[in-house]
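Engineer: Residue numbers (the numbering used here), protein chains in the order written: chain A, 1 to 339; chain B, 1001 to 1339.
Where is the CB? At the ideal position from N, CA and C, for every residue including glycine.
1. Which chain A residues sit within Cβ distance under 7 Å of residue 1128 of chain B?
2. What in chain B is Cβ-close to residue 332 of chain A, meaning under 8 Å?
3. Is residue 1292 of chain B helix, strand or coil by DSSP?
4. Would you list the one or two residues that DSSP bridges to residue 1320 of chain B?
5. Any Cβ of chain B within less than 8 Å of the Cβ of residue 170 of chain A?
6. In whole angstroms, give me the CA-to-CA distance for residue 154 of chain A and residue 1328 of chain B.
7. Please give me, in chain order, every unbroken run of the beta strand (DSSP E) with length at least 3 that falls completely inside the stretch 1182 to 1240 of chain B.
8. Is residue 111 of chain A helix, strand or coil when you go by DSSP?
9. Within this structure, are the beta carbons of residue 78 of chain A and residue 233 of chain A separated by less than 8 Å?
10. Tell me the residue span of the alpha helix (DSSP H) that contains residue 1007 of chain B.
11. What does residue 215 of chain A touch in chain B if you count any residue whose Cβ is under 8 Å from its own?
12. Can you give me the start and stop residues for the alpha helix (DSSP H) that residue 1254 of chain B sits inside?
13. Could you check which residue in B:1143, B:1174, B:1111 has the C-alpha nearest to that of residue 1121 of chain B?
14. Between which two residues does the alpha helix (DSSP H) carrying residue 62 of chain A extend?
15. For residue 1148 of chain B, does the three-state DSSP call read helix, strand or coil?
16. Give me the Cα-Cα distance between residue 1156 of chain B and residue 170 of chain A, rounded to the nearest whole angstrom.
17. Need the endpoints of the beta strand (DSSP E) that residue 1122 of chain B sits in, please.
18. Which bits of chain B does residue 41 of chain A rub up against, with CB to CB less than 9 Å?
19. Tell me where the beta strand (DSSP E) around residue 956 of chain B begins and ends.
20. Looking only at its own chain, which residues have a Cβ that is under 6 Å from the Cβ of residue 319 of chain A, when we skip the five neighbours before and after it?
21. Residues of chain B with CB under 8 Å from residue 46 of chain A, in chain order?
22. Let's test the definition: count the other Cβ atoms within 10 Å of the Cβ of residue 1326 of chain B and tell me whether it reaches 16, buried, or not, exposed.
23. Specify, as a first and last residue, the run of the beta strand (DSSP E) that residue 1088 of chain B falls within.
24. Residue 106 of chain A to residue 240 of chain A, Cα distance in whole Å?
25. From residue 1300 of chain B to residue 180 of chain A, what distance separates their C-alpha atoms?
26. I want to verify the contact list: residues of chain A whose CB lies under 7 Å from the CB of residue 1156 of chain B, in sequence order.
27. Buried or exposed, going by whether 16 or more other CB atoms sit within 10 Å of the CB of residue 160 of chain A?
28. Considering only DSSP beta bridges, list what residue 328 of chain A is partnered with.
29. Is the CB of residue 1001 of chain B under 8 Å away from at least one CB in chain A?
30. Leaving out five residues on either side along the sequence, give the residues of the same chain with a beta carbon under 6 Å from the beta carbon of residue 1197 of chain B.
31. Taking the straight line between their C-alpha atoms, what separation do you get for residue 1188 of chain B and residue 1263 of chain B?
32. Using a Cβ-Cβ cut-off of 7 Å (strictly less than) and excluding sequence neighbours within five positions of residue 55 of chain A, which residues of its own chain qualify?
33. Please list, in chain order, all residues of the same chain as residue 119 of chain A whose beta carbon is under 7 Å from its beta carbon, the five residues on each side excluded.
34. Since residue 1267 of chain B meets chain A, which of its residues come closer than 9 Å, beta carbon to beta carbon?
35. Have a look at residue 1314 of chain B and residue 1158 of chain B and give me their C-alpha separation to the nearest angstrom.
36. Could you check which residue in A:288, A:44, A:258, A:311 has the C-alpha nearest to that of residue 190 of chain A?
Here you go:
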């Protein structure tokens, strides 16, 4: 295997991605310097993606990089924050040879430019080769994303109140169906539908523009990483409420609708599967009329999918999904847990 | 193996470590909110530690946590920054059962309190079990540390100028000798010396108080993680200078002196070994008289170990170490590279 040394790797592949930000110090220092705009709070989040767990070992490396960045930007979007930069810690494996890393850095650079976000710093480590004394291990990416939001305006998970509307951006279930398709666990899918679903799994779209516009409008917000019911369940838990969703109101893409027509049990993937990275948020009734405007301004469809209800008093009463006749649909997999 | 689920792990072990910081949102949200003091810049750094690479799999888990925190705080110290919080992403392995993680969290909590730094957020993931479809992998800790420094006052690596003094805090070589002792690669060592050396390897001391006082005094600073010559070499490279150190001026602990008396070839560990996490900095001659005061105020010995010289024009001419008769000592291992 050909592989650059640590310093050469940083200088050749990653330092160019920091060139827009003087505070990144060309990645030649121990730390980065970052200006947070006056009157703003810093918003910080960190997420790890592991080959074979959070992405497939045969996923194209440029898309792996872009996904790792995007899932972190998605966390900032859910807070209504504007991204200001990212730190990246990667641990190389036997599989990450020079061509892999070049493609990875190319994808990362492409997306950093697309979102106007600089690489501020990082760390590059490597697993011991299994052939040597070590145990080896998979390629792992940890990104810490930093953003800013005017003080007091971040949208938290804890603000949902009974009576409010529950809304979801885009369409849901596509990413989980895409993973199933990649794994050969779906009946034959037309090429265009296959591309749509797999594309949604491999390259989520962080809803940054929508997040910014939800400030002062949404009472709580979360990005859908663990699954629709699990993530809205997180809002419920910390807000002390429960949520009632209508199955027929959920936004389902044509590609996903076709899969559901073939196999209704795939409903469970729509409700429990993760990785869509859409925003789910709660909205005071008074802001109901804002929904159409938000969708028009951002070009992202927004669906009203249910209501926030008073807690029943049961611990973790969470999210109920009602079918067409008002009967609750059992959700088998209540979200993805990473441990 | 008994192991808590992701959410239970966070709620029981890590959320208590965030209780001092309201912006950590009890670790129940997607991101943390952080206030940077007016007039200050944010300083951000990230470092990964891998079991079997950066710490030994049999190192006590509470010390592993404390070391992971401290190496990141050390990066902030080198910039003259005050820490304001950390984000932690851990990837669990087969070996990190409940008792391991409880000890880990206990150590982390102890040190966060000690340094007055809150845990602001994190991510908990797990390697696939090798018994399942996955490949497994070692316990991995990535910490992103955030600090603040009055705007324009951060001490960078790039400020060293010819004629300046090169200084080092504490003593050097102990950590590398400690690792050798743990690995059984040293001749018999007295119990007290063994404890000193191993302690320095397992539990470095981030020189935060010294870093704060070096603002406006030091022209460049780095923490010694890769090795004395390698890290001072980083200053040289980005400052466009070289450095000449005097072997006899290097601060060596009694425990290390004893090892060197037994085996002079261990000199190489002092010059090339890493993990001491002392600060090396350059000082304009005009500030020479400040050295004693800095040492007295912080209680940390400071040694003047050499001079900054004009670049010879050779690429990467870096660091020369001169022996007692002025002859250059060959440095075999020019620092630890993590790839």
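Structural biologist: According to the data block:
1. Those are 52, 53, listed as they occur along chain A.
2. What residue 332 of chain A touches in chain B: nothing, since even the nearest Cβ is about 17 Å away.
3. In the structure shown, residue 1292 of chain B sits in a helix (DSSP, three-state: H, G or I).
4. BP columns for residue 1320 of chain B point to B:1244.
5. So no, residue 170 of chain A is outside the interface.
6. Approximately 58 Å, taken between the alpha carbons.
7. List check, beta strand (DSSP E) in window: 1220 to 1223.
8. Collapsing the DSSP output to three states places residue 111 of chain A in a helix.
9. No, they are not a contact pair.
10. First-last of the alpha helix (DSSP H) with residue 1007 of chain B: 1006 to 1009.
11. Simply none; closest approach about 13 Å.
12. Note, residue 1254 of chain B: alpha helix (DSSP H), 1254 to 1262.
13. Measuring from the Cα of residue 1121 of chain B, the nearest candidate turns out to be B:1143.
14. For residue 62 of chain A, the enclosing alpha helix (DSSP H) has its first and last residue at 61 to 78.
15. The three-state secondary structure of residue 1148 of chain B, taken from DSSP, is strand.
16. The alpha-carbon atoms of residue 1156 of chain B and residue 170 of chain A are separated by roughly 45 Å.
17. Its beta strand (DSSP E) spans residues 1119 to 1126.
18. For residue 41 of chain A, the neighbours in chain B by C-beta distance under 9 Å run, in chain order, 1023, 1033, 1034, 1035, 1036.
19. Absent from the structure is residue 956 of chain B, since the part of chain B shown begins at 1001 and ends at 1339.
20. In chain order, 229, 232, 233, 243 place their CB closer than 6 Å to the CB of residue 319 of chain A, counting only its own chain and leaving out the 5 sequence neighbours on each side.
21. Here the neighbours are 1087, 1088, 1089, 1121, 1122, 1123, 1142, 1144.
22. Taking a 10 Å sphere around the C-beta of residue 1326 of chain B, we find fewer than 16 other C-beta atoms and assign the residue as exposed.
23. DSSP places residue 1088 of chain B inside the beta strand (DSSP E), whose first and last residues are 1082 to 1092.
24. Spanning the two alpha carbons is a distance of roughly 44 Å.
25. For residue 1300 of chain B and residue 180 of chain A, the distance between alpha carbons rounds to 59 Å.
26. Here the neighbours are 25, 29.
27. Residue 160 of chain A is buried by the Cβ-count criterion.
28. Answer is A:322.
29. Confidence in residue 1001 of chain B is poor, its pLDDT being 42 and thus under 50, which makes the residue's placement unreliable; the coordinate value appears in the next sentence. No, because no Cβ of chain A sits closer than 8 Å to the Cβ of residue 1001 of chain B.
30. 1174, 1177, 1178, 1181, 1255.
31. Between residue 1188 of chain B and residue 1263 of chain B, the C-alpha separation is close to 12 Å.
32. Close CB contacts of residue 55 of chain A within its chain, under the 7 Å cut and outside five residues either way in sequence, are with 49, 64, 67 (chain order).
33. The residues are 14, 17, 18, 24, 86, 88, 112.
34. Close to residue 1267 of chain B, with beta-carbon spacing below 9 Å, lies no residue of chain A; the smallest spacing is near 24 Å.
35. Those two C-alpha atoms are separated by around 18 Å.
36. Of the candidates A:288, A:44, A:258, A:311, A:258 places its Cα closest to the Cα of residue 190 of chain A.
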